[in-house]
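Participant: My numbering numbers the first residue of the sequence shown as 6 and each following residue consecutively.
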Amino acid sequence: MIALSTWLLILAFAVPMIVSPGPGNTVLAASGGQFGLRRTVPFWMGFEAGNLVWCLVYGFGLSEVFARNPAAYTALKWGGTAYIVYLAWCFFRSAGATERQDLRPLGFVDGFVSLSLNPKVHSMILVMFSQFLSPALPLSAQVLQMAVVFVVVGLACHFVWIYGGQVLFSRAQSPRAIRLQGLAFGACMLVVAGVMAVS
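Written out as structure tokens, the structure reads:
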């Protein structure tokens with residue numbers, strides 16, 4: 006069993022890292038603002054499924070691949086940047102809708118891919134497992150426990166971003182407001198892609 010002091014350190018690391026602004030949280034807030042909480046759930050669940058999968062993959066050894074091959078991380082960074090540009094295009098396209106019901110929300114696969122191509126997530130998970138796994142405890146139990154905690158923290162923190170996006174933009178229902186939101190969210194995604202490209 007992981008010691009309470011280690012759990013506190015894991016939470017002290019995970020909460021600020023997950024809740025802080027970044028590409029994923031920007032997309033979640035934009036989706037909440039554009040589609041609302043209920044219609045963002047499939048995207049959100051895809052996002053959290055990605056967290057779970059990558060926690061398991063890193064916990065059971067993928068970290069060695071990135072340690073030995075920096076080009077893999079670079080490829081991930083550029084794939085993530087390209088995907089964020091694609092999401093920007095989706096938001097720009099949604100600017101043509103006249104009613105919220107006409108908008109096609111991002112789905113489960115979009116959430117999974119968005120999370121999977123986010124270098125910040127890979128860095129967080131890699132650091133978490135490299136710092137907090139103990140060679141004195143059974144690997145499988147530690148990886149599963151840490152993965153579950155990471156996903157639960159992610160659910161809570163990401164809810165705040167999605168709900169915040171919904172609250173900020175829920176009153177803007179006119180066709181003009183919907184159009185402006187689509188353009189603004191698309192522009193946000195392009196800024197995020199630009200930051201990812203140069204970081």
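Just so it is clear, CB atoms sit at the ideal spot from N, CA and C, and this is done for glycine as well.
State yes or no: is the C-beta of G38 within less than 8 Å of the C-beta of F190?
Facilitator: Closer than 8 Å, so yes.
Participant: Is it buried or exposed, M133, if we count other Cβ atoms within 10 angstroms and call 16 or more buried?
Facilitator: M133 comes out buried.
Participant: Quick one: grab the DSSP three-state call for R73.
Facilitator: Helix at R73.
Participant: For M129, is the classification buried or exposed, using 16 other Cβ atoms within 10 angstroms of its Cβ as the cut-off for buried?
Facilitator: Looking at its Cβ environment, which holds 16 or more other Cβ atoms inside 10 Å, M129 is buried.
Participant: Less than 8 Å between the beta carbons of E53 and V156, yes or no?
Facilitator: Taking 8 Å as the Cβ cut-off, E53 and V156 qualify as a contacting pair.
Participant: Suppose only complete runs of 4+ residues qualify. What are the alpha helix (DSSP H) ranges in the stretch 19-47, listed by chain order?
Facilitator: Fully enclosed alpha helix (DSSP H) runs of 4 or longer: not present.
Participant: Taking C-alpha atoms, which residue in L57, S36, T79, S10 lies nearest to G187?
Facilitator: Cα-wise, what sits closest to G187 is S36.
Participant: For N123, which three-state DSSP category applies?
Facilitator: Note: N123 maps to coil in three-state DSSP.
Participant: What residue from V172, A141, Q150, F97 has the CA that sits closest to S60's CA?
Facilitator: Before going on, a small fix: residue 60 reads as Cys here, not Ser. If we check each option's Cα against that of C60, Q150 comes out closest.
Participant: Do you know whose CA, among F65, A8, V196, lies nearest S135's CA?
Facilitator: The shortest Cα separation from S135 among F65, A8, V196 belongs to F65.
Participant: Please classify N74 as buried or exposed, where buried requires at least 16 neighbouring CB atoms within 10 angstroms.
Facilitator: That one is exposed.
Participant: Where does R176 sit, in a helix, a strand or coil, going by DSSP?
Facilitator: Coil at R176, not helix or strand.
Participant: Give every residue of the same chain whose Cβ lies closer than 8 Å to the Cβ of N123, excluding the five residues on either side of it in the sequence, and list them in chain order.
Facilitator: Counting only Cβ-Cβ distances below 8 Å, and skipping sequence neighbours, we find G27, P28, G29, G85.
Participant: Cutting at 7 Å between CB atoms, please list the residues of its own chain near G159, excluding the five before and the five after it.
Facilitator: I23, E53, N56, listed in sequence order.
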